[in-house]
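2 protein chains.
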Amino acid sequence: MEKTSRDPAMTDVARLAGVSHQTVSRVLNNHPNVREQTRLRVKAAIKELDYRPNRAARALVTGKTQLIGVVAQNSTLYGPASLLSAFEEAAGAAGFAVSVGRVKVLDRDSIAAAVERHRDQRVAGIVVIAPNSSAADALADVPAGVPLVTVDGDPDRPTPLVTVDQAKGAFEATKHLIDAGHETVWHVSGPADWFDAAGRVQGWRAALDATSAEVPPVVAADWSAASGYRAGQMLARMPEVTAVFCSNDHLALGVLRAMSERGRRVPHDVSVVGFDDVPEAAYFIPPLTTVRPDFAAVAHETLGLLLEQVSDGETTRPQRTVAPMLVKRDSVAPPPR
Amino acid sequence: MEKTSRDPAMTDVARLAGVSHQTVSRVLNNHPNVREQTRLRVKAAIKELDYRPNRAARALVTGKTQLIGVVAQNSTLYGPASLLSAFEEAAGAAGFAVSVGRVKVLDRDSIAAAVERHRDQRVAGIVVIAPNSSAADALADVPAGVPLVTVDGDPDRPTPLVTVDQAKGAFEATKHLIDAGHETVWHVSGPADWFDAAGRVQGWRAALDATSAEVPPVVAADWSAASGYRAGQMLARMPEVTAVFCSNDHLALGVLRAMSERGRRVPHDVSVVGFDDVPEAAYFIPPLTTVRPDFAAVAHETLGLLLEQVSDGETTRPQRTVAPMLVKRDSVAPPPR
DNA sequence: CGACCTGGTGTTATCGCTAACATCACCGGC
DNA sequence: GCCGGTGATGTTAGCGATAACACCAGGTCG
Numbered sequence: 000m001e002k003t004s005r006d007p008a009m010t011d012v013a014r015l016a017g018v019s020h021q022t023v024s025r026v027l028n029n030h031p032n033v034r035e036q037t038r039l040r041v042k043a044a045i046k047e048l049d050y051r052p053n054r055a056a057r058a059l060v061t062g063k064t065q066l067i068g069v070v071a072q073n074s075t076l077y078g079p080a081s082l083l084s085a086f087e088e089a090a091g092a093a094g095f096a097v098s099v100g101r102v103k104v105l106d107r108d109s110i111a112a113a114v115e116r117h118r119d120q121r122v123a124g125i126v127v128i129a130p131n132s133s134a135a136d137a138l139a140d141v142p143a144g145v146p147l148v149t150v151d152g153d154p155d156r157p158t159p160l161v162t163v164d165q166a167k168g169a170f171e172a173t174k175h176l177i178d179a180g181h182e183t184v185w186h187v188s189g190p191a192d193w194f195d196a197a198g199r200v201q202g203w204r205a206a207l208d209a210t211s212a213e214v215p216p217v218v219a220a221d222w223s224a225a226s227g228y229r230a231g232q233m234l235a236r237m238p239e240v241t242a243v244f245c246s247n248d249h250l251a252l253g254v255l256r257a258m259s260e261r262g263r264r265v266p267h268d269v270s271v272v273g274f275d276d277v278p279e280a281a282y283f284i285p286p287l288t289t290v291r292p293d294f295a296a297v298a299h300e301t302l303g304l305l306l307e308q309v310s311d312g313e314t315t316r317p318q319r320t321v322a323p324m325l326v327k328r329d330s331v332a333p334p335p336r
Numbered sequence: 000m001e002k003t004s005r006d007p008a009m010t011d012v013a014r015l016a017g018v019s020h021q022t023v024s025r026v027l028n029n030h031p032n033v034r035e036q037t038r039l040r041v042k043a044a045i046k047e048l049d050y051r052p053n054r055a056a057r058a059l060v061t062g063k064t065q066l067i068g069v070v071a072q073n074s075t076l077y078g079p080a081s082l083l084s085a086f087e088e089a090a091g092a093a094g095f096a097v098s099v100g101r102v103k104v105l106d107r108d109s110i111a112a113a114v115e116r117h118r119d120q121r122v123a124g125i126v127v128i129a130p131n132s133s134a135a136d137a138l139a140d141v142p143a144g145v146p147l148v149t150v151d152g153d154p155d156r157p158t159p160l161v162t163v164d165q166a167k168g169a170f171e172a173t174k175h176l177i178d179a180g181h182e183t184v185w186h187v188s189g190p191a192d193w194f195d196a197a198g199r200v201q202g203w204r205a206a207l208d209a210t211s212a213e214v215p216p217v218v219a220a221d222w223s224a225a226s227g228y229r230a231g232q233m234l235a236r237m238p239e240v241t242a243v244f245c246s247n248d249h250l251a252l253g254v255l256r257a258m259s260e261r262g263r264r265v266p267h268d269v270s271v272v273g274f275d276d277v278p279e280a281a282y283f284i285p286p287l288t289t290v291r292p293d294f295a296a297v298a299h300e301t302l303g304l305l306l307e308q309v310s311d312g313e314t315t316r317p318q319r320t321v322a323p324m325l326v327k328r329d330s331v332a333p334p335p336r
């Protein structure tokens, strides 16, 4: 039986088209100085042979790959998962393959190891989804010279960074509640070491300060519905609580449930706003008013920033922020009189 | 300013160690015929220069890459997301990089395009997460000869496939309810075109048949909590319903909530079992008895099957199944008398 | 004691591509 | 009508690894 012959190479295309392999290369790379007729002949030959350029050979001679490495945590949290998914799509559309290095915990060693694996692969650039402080710390170890963009990372660090404008979203959510007539707004917060959570606290506080509203204590939680439920049980018992801004939709779901169990109707007695706009948010009872981050936009900005670094070596505007959008549904109403 | 000189190559290591580059290659690839002393000298040189082999060069000469392509849907559903995450980890541990090609919808064209992108990259093999029938259909277009493993795909197709044993998990869940004393078990199902959902229906029915229990009509839903809630509202009104097996935990959550709103206590009045064991399941009220698929095991099997194909060209046992585990919590009790 | 193996090493060719330079026909301008 | 420019193409030289073969010392064996 005959062994399957090797994949067609550039010379095979060249032979079929009656040109040199270099001309084939020129056609492939859209060089200007190729006669139209020749270009067509070459393209026909490429199609006929189902020729695909060998990326390894190209990478070898150019010293560049079309690969982007992403370091992400091994979690299924909505925010990071959406971000990753959006980034893969954006990079794919730009002709880059995305290699994902998963990490169990966001600590220094794991992240350093994941970055090393990517460097071994000679990725063109690396994106790190670093939503909490331990992850951000780990980036100090990454040697300079590797194009690197942090997503969801520490806004106080000078590394190139793209984030959702958490503070702005939180500000708008809070202001929306105040505008509805609430005297003040309580806040159920995510984990303190997450930048997302910190930014949302900051925006919430700013909105209260702007109208000289009293600032109640932050109710600390993690990102889970369970912890939102616990926080909600507490808040439901306090009659002065008429408006709650939750750091994400799952927390809000927990609060919604606690309120409902205590007989406090949403939005009639208590208004609730979330953050993330998870797919189910519109099906909560009542449909949840929330803040929608534009993950696709974050992904695009990230890719742009990274490719800028890849080509220029340096970046002029290292930090970019994407404004989220308030999505009004049915969980906000004026306070009861 | 001096331009950063190029990365060290094998010859640089060779020069430093006083050997030929071929000897360096032998050390790197663990060839037997290298003197121990030489091996150590070479290793020291590698370390000193922080040398990393150029994968492009290796791929060029060997014709193989260390890349695995994965095609997955652009969704954040718990099952597929966990699977992807687990696979990335497993492949990473085995020294393979994983390139993810996201697809917006699981239709023929999108999947074919994603597969083509991976073939362009000359991945060693491709994994397709194809949880519903349209995705499985699309695989008919994939040319033979590319190592390919389907995860969560159509069990009736002859392609190499790894799945959770949905039927077994559903069987056990249902049997657990029957063993607790329930006369029959109702089922809230996922979308009919998903294999996961179909397998769970099948297992549920088998368990009922095995004990000659009456088989109530399937309550059809999608995967969302919202649809589970709607199904639950209906079931809660029917006093003869004492046990419900839900096709996933989110559905179960919706059912739980509907039951609670109607004053039917879980597990005292109605028992509920879910599927997936999402992280929050232990924090539902009551903590949910559910079926836990072993995503890590699925990932390992998948990788194994793929690498077998890569090396052998053919596979002997093309279909593998991973048994899930029943996790007993507090949502199951004997029926009320 | 010379032929032969064998473990350790070096030399050379090669993978498929792009960059750089070479070639050549043809053009316009003085 | 010769010169230099320019557009279209071909030729050659690597990129950095592995594979195949060559080589050489030292031991084994007939």
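Protein chains in written order, with numbering that gives the first Met the number 0: chain A, 0 to 336; chain B, 0 to 336.
Here a beta-carbon is modelled for each residue, glycine too, at the ideal position from N, C-alpha and C.
None of the values given here were measured: they were computed from a predicted structure.
Report yes if the C-beta distance between residue 188 of chain B and residue 219 of chain B is below 8 angstroms; otherwise report no. As a position in the second sequence, residue 188 of chain B is number 189, starting the count at 1. As a position in the second sequence, residue 219 of chain B is number 220, starting the count at 1. In contact: residue 188 of chain B and residue 219 of chain B (Cβ atoms closer than 8 angstroms).
My assumption, with CB atoms under 8 angstroms, is that residue 167 of chain A sits in contact with residue 322 of chain A. Please give the rounded CB distance. Here the question's residue 167 of chain A lines up with position 168 in the first sequence. Here the question's residue 322 of chain A lines up with position 323 in the first sequence. Confirmed, Cβ separation roughly 6 angstroms.
Does the region 125-145 of chain A come into contact with the region 56-75 of chain B, if we say contact requires no fewer than three beta-carbon pairs (one atom in each stretch) closer than 8 angstroms? no
Buried or exposed for residue 331 of chain A, going by 16 or more other Cβ atoms inside 10 Å? To locate residue 331 of chain A, count along the first sequence from 1; it is residue 332. So residue 331 of chain A counts as buried.
CB contact below 8 angstroms: residue 282 of chain A versus chain B: Here residue 282 of chain A refers to the residue found at position 283 when the first sequence is read from its first residue. Chain B, which has a Cβ nearer than 8 angstroms to the Cβ of residue 282 of chain A, makes this yes.
Near residue 7 of chain A, which residues of its chain fall below 6 angstroms by C-beta distance, leaving aside the five closest residues on each side in sequence? If you number the first sequence from 1, residue 7 of chain A lands on position 8. Result list for residue 7 of chain A: 48 and 50, in chain order.
Could you check which residue in B:334, B:82, B:21 and B:143 has the C-alpha nearest to that of residue 302 of chain B? Translated into the one-based positions of the second sequence, residue 302 of chain B becomes position 303. For the residues B:334, B:82, B:21 and B:143, the minimum Cα distance to residue 302 of chain B belongs to B:82.
Sort out for me which residues DSSP pairs residue 185 of chain A with in a bridge. Start at 1 with the first residue of the first sequence, and residue 185 of chain A comes out as number 186. According to DSSP, residue 185 of chain A bridges with A:243.
Beta carbon proximity, residue 119 of chain B to chain A, threshold 8 angstroms: Here residue 119 of chain B refers to the residue found at position 120 when the second sequence is read from its first residue. By this cut-off, residue 119 of chain B is an interface position.
For residue 171 of chain A, which residues of its own chain have a beta-carbon under 6 angstroms away from its beta-carbon, when the five flanking residues on both sides are left out? Working through the first sequence from its first residue, we reach residue 171 of chain A at position 172. 325.
According to DSSP, is residue 94 of chain A part of a helix, a strand, or is it coil? Numbered from 1 along the first sequence, position 95 holds the residue referred to as residue 94 of chain A. If DSSP states are grouped into helix, strand and coil, residue 94 of chain A belongs with coil.
If I measure Cβ to Cβ from residue 196 of chain A and keep anything under 7 angstroms in the same chain, skipping five residues before and after, which residues do I get? As a working note, residue 196 of chain A is residue 197 in the first sequence. The answer, listed in chain order, is 188, 189, 190 and 246.
For residue 289 of chain A, which beta-bridge partners are listed by DSSP? Counting from one through the first sequence, the residue named residue 289 of chain A turns up at place 290. Per DSSP, A:326.
Determine the extent of the beta strand (DSSP E) in which residue 37 of chain A is found, giving its start and end residues. By 1-based counting over the first sequence, the position of residue 37 of chain A is 38. Looking at the DSSP string, residue 37 of chain A is not in any beta strand (DSSP E); the run it does join, the alpha helix (DSSP H), is 35-48.
In chain order, what are the residue ranges of uninterrupted alpha helix (DSSP H) at least 4 long that sit wholly in the region 4-29 of chain B? 9-16 and 20-27
Using the beta-carbon of each residue, which ones in chain A are nearer than 8 angstroms to residue 59 of chain B? Residue 59 of chain B sits at position 60 when you count from the first residue of the second sequence. By Cβ distance, chain A contributes 53, 55, 56 and 59.
Near residue 10 of chain A, what residues of its chain come up, given a Cβ to Cβ distance below 6 angstroms and the 5 sequence neighbours on each side ignored? Looking up residue 10 of chain A in the first sequence gives position 11. The answer, listed in chain order, is 20.
Let me check understanding here. Comparing Cα to Cα, which of A:24, A:77, A:60 and A:13 lies closest to residue 223 of chain A? Within the first sequence, the letter at position 224 stands for residue 223 of chain A. Closest by alpha carbon: A:77.
For the putative contact between residue 89 of chain A and residue 298 of chain A, defined by C-beta atoms under 8 angstroms, what is the C-beta separation to the nearest angstrom? Indexing the first sequence from 1 puts residue 89 of chain A at position 90. Indexing the first sequence from 1 puts residue 298 of chain A at position 299. Confirmed, about 4 angstroms.
Output the residue ranges of the beta strand (DSSP E) runs that lie fully inside the region 94-145 of chain A and measure 3 residues or longer, sorted by chain position. 96-102 and 124-128
Would residue 231 of chain B count as contacting chain A if we go by Cβ distances under 8 angstroms? For the purposes of this step, residue 231 of chain B is identified with residue 232 of the second sequence, where counting begins at 1. Not one chain A Cβ lies under 8 angstroms of residue 231 of chain B.
Who are the near neighbours of residue 328 of chain A in its chain, counting only those whose CB is closer than 6 angstroms to its CB and skipping five residues on each side? As a working note, residue 328 of chain A is residue 329 in the first sequence. These residues qualify, in order along the chain: 286, 287 and 288.
Mind reading off the beta-carbon distance from residue 244 of chain B to residue 272 of chain B? Whole number of angstroms is fine, and I expect it under 8 angstroms. Within the second sequence, the letter at position 245 stands for residue 244 of chain B. Within the second sequence, the letter at position 273 stands for residue 272 of chain B. Residue 244 of chain B to residue 272 of chain B, Cβ: 5 angstroms. Contact.
On the DSSP bridge assignment, give the partners of residue 149 of chain A in chain order. Along the first sequence, read from residue 1 onward, the residue named residue 149 of chain A stands at position 150. Answer is A:127 and A:160, bridged to residue 149 of chain A.
If you follow the beta strand (DSSP E) that residue 319 of chain B is part of, which residue opens it and which one closes it? Translated into the one-based positions of the second sequence, residue 319 of chain B becomes position 320. 318-321 is the extent of the beta strand (DSSP E) around residue 319 of chain B.
Suppose contacts are defined by Cβ-Cβ distances below 8 angstroms. Is residue 79 of chain B in contact with residue 142 of chain B by that definition? Within the second sequence, numbered from 1, the residue matching residue 79 of chain B stands at position 80. Within the second sequence, numbered from 1, the residue matching residue 142 of chain B stands at position 143. Contact: no.
Should residue 104 of chain A go down as buried or exposed, given a rule of 16 or more other Cβ atoms within 10 Å for buried? For the purposes of this step, residue 104 of chain A is taken as the residue at position 105 of the first sequence. It is exposed - the Cβ of residue 104 of chain A has fewer than 16 other Cβ atoms within 10 Å.
Tell me which residues of the region 66-81 of chain B have at least one Cβ-Cβ distance to chain A shorter than 7 angstroms, keeping chain order. 73, 75, 77, 80 and 81
Return the bridge partner residues of residue 270 of chain B from the DSSP annotation. Within the second sequence, residue 270 of chain B is the residue found at index 271, counting from 1. DSSP output for residue 270 of chain B lists B:242 as bridge partner(s).
Helix, strand or coil at residue 193 of chain A [DSSP, three-state]: Locating residue 193 of chain A in the first sequence gives position 194, where the first residue counts as 1. Looking at residue 193 of chain A - three-state DSSP - the assignment turns out to be strand.
May I ask you to list the residues that DSSP assigns as paired with residue 198 of chain B? Translated into positions along the second sequence, residue 198 of chain B becomes position 199. DSSP output for residue 198 of chain B lists no bridge partner at all.
At least one CB of chain A closer than 8 angstroms to the CB of residue 107 of chain B: is that the case? For this step, residue 107 of chain B is matched to residue 108 along the second sequence. No, residue 107 of chain B lies away from the interface with chain A (no Cβ there is under 8 angstroms from its Cβ).
Residue-level contact to chain A via CB, residue 0 of chain B, 8 angstroms cutoff: As a working mapping, residue 0 of chain B is identified with position 1 in the second sequence. Model confidence at residue 0 of chain B stands at a pLDDT of 32, short of 50, so the residue's coordinates are unreliable and nothing is read from them.
Quick one: is residue 10 of chain A near chain B, going by C-beta distance under 8 angstroms? Within the first sequence, residue 10 of chain A is the residue found at index 11, counting from 1. Answer no: the Cβ-Cβ gap between residue 10 of chain A and chain B never drops below 8 angstroms.
Beta carbon of residue 324 of chain A: closer than 7 angstroms to some heavy atom of the ligand SAM? Annotation note on the ligand SAM: not contained in the displayed structure, which lists no ligands.
Give a yes or no on whether the C-beta atoms belonging to residue 192 of chain B and residue 132 of chain B are separated by under 8 angstroms. What you label residue 192 of chain B is simply residue 193 of the second sequence in a count that begins at 1. What you label residue 132 of chain B is simply residue 133 of the second sequence in a count that begins at 1. Against a cut-off of 8 angstroms, the Cβ pair of residue 132 of chain B and residue 192 of chain B comes out as a contact.
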